[in-house]
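The structure is reproduced here in structure tokens:
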């Protein structure tokens, strides 16, 4: 499983680009937060990681003005927002940041893919790449099935 996560992490990291957003969707407990932290920890530029469930994060981003975001994100290369689906108007917030903060990259995750996609979809058209993180990949399941068949063969 670690190999699959590493490959996906590399694909996500490769899509991080200035003035673009990368969105990670997935059910709860599939590893979105862990993966985001690894990406942020390994990122070569200056980063800021926020949590959309935190009231301080909501207060920081609530004032949707270019001046506020320029002040808040001055010198930041990568803004990462976990649990972004909990933030009202997250699509419009991310659009304003991506459009108006020169050189910034955005990484956002949400456990409720339909909520996050609905909230970010239209404002981020042409500005985002989306990834779906699942608990198990088809290749992992296939490997587990083959392993089970081999065990059955030896057990009989």
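Numbering (UniProt numbering), first residue to last: 1 to 156. Where is the CB? At the ideal position from N, CA and C, for every residue including glycine.
Buried/exposed call for residue i, threshold 16 Cβ in 10 Å
i: residue 34; result: exposed
i: residue 128; result: buried
i: residue 83; result: buried
i: residue 61; result: buried
i: residue 91; result: buried
i: residue 182; result: The chain is shown from 1 up to 156; residue 182 falls before or after that span and cannot be answered.
i: residue 81; result: buried
i: residue 18; result: exposed
i: residue 16; result: buried
i: residue 55; result: exposed
i: residue 7; result: exposed
i: residue 101; result: buried
i: residue 114; result: Residue placement at residue 114 cannot be trusted, given a pLDDT of 46 that sits under 50; what the coordinates show is reported in the next sentence. That one is exposed.
i: residue 93; result: buried
Presumed contact (8 angstroms Cβ cut-off) between residue i and residue j, rounded CB distance
i: residue 86; j: residue 52; result: 4 angstroms
i: residue 97; j: residue 73; result: 7 angstroms
Proximal residues to residue i (C-beta, below 7 angstroms), its chain only, five neighbours per side dropped
i: residue 39; result: 9, 12, 13 and 107
First through last residue of the beta strand (DSSP E) which encompasses residue i
i: residue 79; result: 78-82
i: residue 24; result: 21-25
i: residue 107; result: 105-110
i: residue 132; result: 128-132
i: residue 51; result: 47-51
Limits of the alpha helix (DSSP H) - the one that residue i falls within
i: residue 36; result: 32-42
i: residue 60; result: 55-62
i: residue 67; result: 66-72
i: residue 98; result: 90-100
Contacts around residue i, its chain only, beta-carbon distance under 8 angstroms, and the 5 residues preceding and following it disregarded
i: residue 104; result: 18, 19, 73, 76, 77, 78, 79, 97 and 98
i: residue 42; result: 13
i: residue 36; result: 24, 49, 80, 82, 107 and 109
Cutoff 6 angstroms; reference residue i; Cβ partners in own chain excluding five residues on either side
i: residue 135; result: 30
i: residue 130; result: 23
On the three-pair Cβ rule with 8 angstroms, is the segment 66-83 touching the segment 36-49?
yes
Decide yes or no for the touch test of the segment 13-32 against the segment 98-111: beta carbon pairs closer than 8 angstroms, at least 3 of them.
yes
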